Amino acid sequence: MALLSVEKITAGFGGFRALDDVDLKVGQGELVGLIGTNGAGKSTLFSVATGYIPASSGRVHFAGQDITGLAVHHRVRRGLARTFQVPREFSNLTVFDNLMTAAPEQEGEKLSALVFSRGKIRQEEERLTAKVCDVMDFLNLRGVEGELAGKLSGGQKKLLELGRLLMLEPKCIMLDEPFAGVNPVLIEQLCERVIELNQRGIAVLIIEHNLAELARIVPRLYAMDRGRVIAHGSPDAVLADPAVREAYMGGVI
Amino acid sequence: MEGYLIAIFISILIYLLLAGGLALQYGFTGLVNFGHVGFFAIGSYTSALLALKGVPIPISLAAATALAALSAYPLGMIALRLGGDYLAIVTLGFSEAVRMMLQTEEWLTRGMHGLPGIPRLFAGWVEPQKTDLLILILLVVVCVGVFFLIHHIIKSPFGRVIEAIRDNEVAVRALGKNPAQFKTRSLMLGAGIAGLAGGLQAHYLTFISPEQYVPLITFYIWIALVLGGVGSLRGVVMGTVLLVGFLEGSRFIRDVIGGVSEVQMASLRIWVIGVALICVILYRPQGLFGSSPKRSR
Amino acid sequence: MTQPMNFSRRGFLVSGTALAALGAFSGSAFSQSEKVFRLGALNSITGIGGPYGPYMLEAIKIAVAEVNDAGGAAGRKFQLFAEDDQTKPEAAVLAVKKLIEINKVEAVVGIWPSSVGLATMPITNEANLITMNTCGAPEMLTENKKGLAWMFQASNAIFGSAFAEVARQRGFKRPAVMAFNNSTFVGQANHFKESWEAKGGKVSAFVIYEPNQSSYRTELSRVLATKPDVISLSAYRPDATIILKEWCQSGQDCKFIMPGWTANEDLVKALGKEATEGIISISNVAASQSPAYKRFAAAFKKVANREPDIFAAQSYDMVITLALAIEATGASADVLAINGKIPSITSGNGQAVTSFTEGRDALRNGKPVNYNGASSRLDFGKHGETVPDFGVFDIQDGNLVLKETIPGHTPA
Amino acid sequence: MDWLSVANAAINGIVIGMLLALPALAITLVFGIARFPNAATGDYMTLGAYTTVASQAFLGGSVVTSVFGAMSVTALVSLFFYFWVFRALAERSQVARLIASIGVAFAVRSTITFFAGQDQHVVDVPLVRAWNFGGIRLLPTDLYILTTALTALVIVFCIMHLTPTGRRMRAIADNAELAAASGIRSKRVMIFLWSLTGAFCGLGGALLGIKAVVVPELGWELLMPMFAGVILGGIGSPVGAVLGIVTFSIAQEVASLFAGPPYKIVFAFVILLCVLLLRPQGMFGRPMAAR
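Protein chains in written order, with our numbering: chain A, 1 to 253; chain B, 254 to 550; chain C, 551 to 962; chain D, 963 to 1253.
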């Protein structure tokens, strides 16, 4: 039984069909890649799966439940989390606060608690601080903990976004081009972390343009073109698929 | 002399409360509220009407705060569904709707005739000349309290989330939090503070009428925020002092320089505000007294 | 939190000191002479009062000059301090505090809207200041608890019933009412309706409109649809201009009764003779006949290059009345004593006078006087209200022509 | 309420709506291209009205030449503020530009009142009687205004669809990033945009001055209904702005027959809210995709 399964999804705006009858499955603890040219519908698929864009038909199932009609935040609370193509850091907050904010279901987010259970909040903050430190150690963000997130480099922002997801303790993470605009050293580091997370049992779905890097780490791959899934299977099989070669500029990969 | 200074400070402090509420909404949550004066009006009329019915002033002030905050709830629900761009026009429309209601529902508000004879704060406690001083002291206490509260809120986990919403709402949703919930609360908090300011003003002026609650008041508060700097409480305080100080201080300019007619002076005053606003935004985006926003821990 | 509060405290101190310095400056500059009466003018220079306030201030300046040129009242010269209330109560409160605290004025004249009158009354009462205004709200009378406020404009109630009286005398059968939505005009409209219906008539339409619109055609059509033979139009000049323009274009026949401060030469200038022909304009008095008015109008024209409106005339009278009261009480009298003299120098069987010098000379000869002003005979009721005679004018070929004078009376 | 008064109210709404369509179009174009609600729009109109009065009084020109004069003056002022203020704020937040435009509004209006005072002025045009068609009244003046507004709108739509600059303008309004990527030079477009919107505000103000009276708050007071109309039509959509403001004006006028004049604004506002809740992008706006 798949953890995330997208079934016969169609979506579009205006007269334009961004997704056309798309099926996609990510199993428990699996590491899956998603490739395609610009405008193939990859990011739109992410947005439909996570609830940012409504599907005009089709269903989304997660952990055995139909989540098609759920709001974004409800899906996240069930363990389905994503990053964005362009990093969406909280630019005027420090790296530390970015991570602290990400922790789910905090007592201190309730206004009444600010008055009535201040002790509880203090304990909670201490517990979360420890967790944030773990995450920062894991992602090597210790040195920049007090920096404003807006001042980080592109690669560090991607790490930070990954860190925020980790604070959520998700079951499945969807990474939208995590390596784009990141220097090679950091890519290496990011790759390792993603693999390590996957080994801890978190399912991962990655959109990536860097096919070489992707083929190296994922055992299974989907390819999309013009809103449809045109191939899926092992990286070698997908990359050899004529339809995929055709979509990628007449076979030059 | 002292009496006049007290009056100016009272007026500064009332604006300061309004600015504090708006700072919470815009400066820290990113809500573009252009109907702040509507909450101010609701507070004024609630407290005044209750007090005229014989309700003790502390209770009527509490009611004013509560009702202003509650009135923000449905507004938030509607406006937040529509998304950021629309909040400005929806809130502006709301404040005009409130004013029209105050003008029209004569059975309740006496319409354009206004409400005279509102019980004054501390009336009968001391000799009449001293009540203003007591009101000033009360306002200072209230302001310090409210700003302490705002400070406390923005340093809390709740504050972290609203600032995150200001910076990137989409990402907050990606963290499993419902921004609408936080935004509604921030809107209500700010509205409640404005309502309290309204109640205090009513019991200070002892006369209120719908003409006092025009959108210009909202714009003045925005100007104060932008002049001082949005992202910090220090900027908010300084911006308000500067604006009200200028509006009032410009009376003296004419006494001193002369040669400018009253009509021209009024035009000049607005002109200076307009040009100052442009220049601050162009050349000092963080405001005259603001530093770039940063959370300290 | 310590940070922001420190700063705000410093801000308070800095601005406070600056203001104190300025206050000391303006105070010291003017206080050499003891024989001065410090007079505050609180006018609506900007805001809705913008078309009237600046001219009221001009009128006050003319009167002040007249008194000072004659050597002052009981030897005391007027020293004028002018402030703009922006036609807003909360701005007025600060302005009046400044006049009291910094300029140490002993009387405030020229208050125009009722909202400002009502908002400043508690403050002026507390400071024992004489105030003279043109406010028409009935609450002014009840709030005038110390008897220090003097209403130079007839109250809405008196105005409204005078309108109804004129409508009846002219033989109209189906009057309609249109009014600008503010306390003065809504009050007038209500009293028109009441006093018309009290004598068994019916009002064909009753419309209160919102100001600041670019067209009032829908409101006007609603009134015209009931085919009234006369419309009681309580309006200011900008909205009256639009409404009359639209009425004229509609081609429907009907007359208008309007307050004199709107239906005057300026309105004719804005609209032309055709649209204003036959408008019935009601003012406090047969103003143009009074010598006080003639003298004032001549002086006013020199400065402002136009006829004074009724508010300007009232503002002029405020200063002259005050000057005569000071003259009657003597140089060393305090404010309350001066206030006490106001009724006796404006009514009673004293010698009728129409200017300050005339009144002063009579008073110096020990004769009682009765000042008949540029705006009305100025007889004050027991709450400080004027109950003037009304002059009924027709606009004919662009000129105001006096048709009759009717006595005003307070409705029961 | 009989149908005659409803019809007359609707006609009045159409005239006011068409008149306001000119500045509303300016608002929506600025919103689409420069990306902010320009609060100075109202005071550009006021400037247009005052310029018409002034050129009539001092230069003694006819109404038509005065109106053209007003259009050029507002276009120049609009360009001036583009070069001084809005160009420099292109990279800043929407709210920054909005607040700056409030500053511009204050500066323009106070400059006018400094020289012209607070009192009202009128544009000198002869009064003409209405034509009466069985109770439905049509004003010749209104027809002139309607024709002028329509002509101006047709011209601008032609410009936007037929000239290269106009096409560039629409491309930027559609998608600024894409337009920049495909090498559209936006400076010329911006100059064109600001002079066009300035001229339109000036024309709208002048026409309003002819229809009503010229007071300092003339344009400022109309900001709310104009923004509401633009939103109703869908922000950034030129056709939407015109239809939106006309619909809004008709709704306001007809509403005042039923709800009473003071609630006119409230009622029109409720309509706006309902439309937005059902169709958040406005009547003619396109839904925006999040990326």
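By construction, the Cβ of each residue, glycine as well, lies at the ideal position given by its N, Cα and C atoms. Quantities reported herein were computed from a predicted structural model and do not represent experimental measurements.
Using a Cβ cut-off of 8 Å (strictly closer), state whether K383 (chain B) contacts chain A.
With a threshold of 8 Å between beta carbons, K383 (chain B) makes no contact with chain A.
Below 7 Å on C-beta distance, what does P369 (chain B) contact in chain C?
Within chain C, the residues near P369 (chain B) are L668, E689 and E693.
Any idea what DSSP makes of F587 (chain C), helix, strand or coil?
Strand, per DSSP.
Residue from B:V290, B:I312 and B:I470 with nearest C-alpha to S300 (chain B)
Ranking B:V290, B:I312 and B:I470 by CA distance to the CA of S300 (chain B) puts B:I312 first.
Can you pull the chain C residues whose beta carbon is under 7 Å from the beta carbon of V1090 (chain D), in chain order?
For V1090 (chain D), the C-beta contacts it makes with chain C under 7 Å involve Q799, in order along the chain.
Tell me whether the segment 379-395 of chain B and the segment 82-93 of chain A touch, counting them as touching only if at least three CB pairs, one residue from each stretch, are closer than 8 Å.
Three or more Cβ pairs closer than 8 Å define a contact, and the segment 379-395 of chain B falls short of that threshold against the segment 82-93 of chain A.
Find out if the Cβ-Cβ distance for the pair T1159 (chain D), A988 (chain D) is shorter than 8 Å.
T1159 (chain D) places its beta carbon less than 8 Å from that of A988 (chain D).
Mind listing, in chain order, the continuous beta strand (DSSP E) runs of no fewer than 3 residues lying wholly within the segment 822-892 of chain C?
The segment 822-892 of chain C contains, as complete beta strand (DSSP E) runs of 3+ residues, the segments 830-833 (chain order).
Please specify which runs of the beta strand (DSSP E), each continuous and at least 3 residues long, are wholly inside the segment 696-747 of chain C, giving them in chain order.
DSSP runs (the beta strand (DSSP E)) wholly in the segment 696-747 of chain C: 699-701 and 725-730.
CA-to-CA distance, S439 (chain B) to T282 (chain B), given in whole angstroms:
Each residue's alpha carbon lies about 7 Å from the other.
Please classify W700 (chain C) as buried or exposed, where buried requires at least 16 other C-beta atoms within 10 Å of its C-beta.
By the neighbour-count rule (16 or more Cβ atoms within 10 Å), W700 (chain C) is buried.
Identified DSSP bridge partners for R997 (chain D)
Looking at the DSSP assignment, R997 (chain D) forms no beta bridge with any residue, so it has no partner.
Are at least three pairs of beta-carbons, each pair with one atom in the segment 25-34 of chain A and one in the segment 194-210 of chain A, less than 8 Å apart?
At 8 Å Cβ cutoff, the stretches touch.
Could you say which of B:Q356, B:R537 and B:N431 lies nearest to Y759 (chain C) if we only look at CA atoms?
Among B:Q356, B:R537 and B:N431, the Cα nearest to that of Y759 (chain C) belongs to B:Q356.
Let me know if I263 (chain B) comes out buried or exposed under the rule of 16 or more other beta-carbons within 10 Å of its beta-carbon.
With a 10 Å radius around the Cβ and a threshold of 16 neighbouring Cβ atoms, I263 (chain B) comes out buried.
Assign M330 (chain B) to one of two classes, buried (16 or more other C-beta atoms within 10 Å of its C-beta) or exposed (fewer than that).
Label assigned to M330 (chain B): exposed.
Suppose you measure from the CA of R1150 (chain D) to the CA of L991 (chain D); what does that come to, to the nearest Å?
About 15 Å.
For the beta strand (DSSP E) containing G941 (chain C), list its first residue and its last residue.
Taken as a continuous stretch (DSSP letters only), the beta strand (DSSP E) holding G941 (chain C) covers D939 to Q946.
When you check each C-beta in the segment 406-425 of chain B against every C-beta of chain A, which residues fall closer than 7 Å?
So the close ones are I406, S409, P410, F411, R413, V414, E416, A417, D420, N421, V423 and A424.
In chain order, what residues of the segment 784-799 of chain C put their CB closer than 7 Å to some CB of chain D?
Taking 7 Å as the cut-off between beta carbons, the residues of the segment 784-799 of chain C near chain D are R787, P788, T791, I792, K795, C798 and Q799, in sequence order.
Using a Cβ-Cβ cut-off of less than 9 Å, give me the residues of the segment 611-630 of chain C that come near chain B, in sequence order.
Of all residues in the segment 611-630 of chain C, none has a Cβ within less than 9 Å of some Cβ in chain B.
Apart from the five residues just before and just after A571 (chain C), which ones in its own chain have a Cβ nearer than 8 Å to its Cβ?
Summary for A571 (chain C): the model assigns pLDDT 48, below 50, so the residue's position carries little reliability, and this model does not support an answer.
Spatial neighbours of Q738 (chain C) within its chain, please: CB distance less than 6 Å, with the 5 preceding and 5 following residues excluded, ordered by chain position.
Excluding positions up to five away in sequence, the list reads N706, F709, G710 and S784.
Going by DSSP, what residue range makes up the beta strand (DSSP E) through F1095 (chain D)?
Where F1095 (chain D) is concerned, the enclosing beta strand (DSSP E) stretches over W1093 to F1095.
Does the distance from the CB of N920 (chain C) to the CB of G934 (chain C) come in under 8 Å?
With contacts defined by Cβ atoms closer than 8 Å, N920 (chain C) and G934 (chain C) do not form a contacting pair.
Go ahead and pull the three-state DSSP assignment for E267 (chain A).
Outside the modelled stretch of chain A, which goes from 1 to 253, sits residue 267 (chain A), for which no answer is possible.
Specify the secondary structure class of V395 (chain B) as computed by DSSP and reduced to three states.
In the displayed model, V395 (chain B) falls within a helix according to three-state DSSP.
Report the neighbours of P918 (chain C) on chain D: residues whose CB is nearer than 9 Å to its CB, in chain order.
Result: empty, since nearest Cβ-Cβ is about 41 Å, beyond 9 Å.
Checking 8 Å against the spacing of the C-beta atoms, do T768 (chain C) and A983 (chain D) come in under that value?
No, the pair does not count as a contact, with Cβ atoms beyond the cut-off.
Run through DSSP, which three-state label would S800 (chain C) get?
In the three-state DSSP reduction, S800 (chain C) falls in the helix class (H, G or I).
Inter-residue Cα distance where the pair is L211 (chain A) and I217 (chain A):
Spanning the two alpha carbons is a distance of roughly 10 Å.
What are the residues that DSSP puts in a beta bridge with Q189 (chain A)?
As computed with DSSP, Q189 (chain A) is found in no beta bridge at all.
Beta carbon of G540 (chain B) nearer than 8 Å to that of S665 (chain C)
At a Cβ-Cβ threshold of 8 Å, G540 (chain B) and S665 (chain C) do not count as neighbours.
Opening and closing residue of the beta strand (DSSP E) in which I1265 (chain D) lies
In the structure displayed, chain D extends from 963 to 1253; residue 1265 (chain D) sits before or after that span and is not available.
Check whether A332 (chain B) and F287 (chain B) have beta carbons under 8 Å apart:
Cβ atoms of A332 (chain B) and F287 (chain B): not closer than 8 Å.
In chain G, what lies closer than 7 Å to R438 (chain B) by C-beta?
Of the protein chains in the structure, A, B, C and D, none is chain G.
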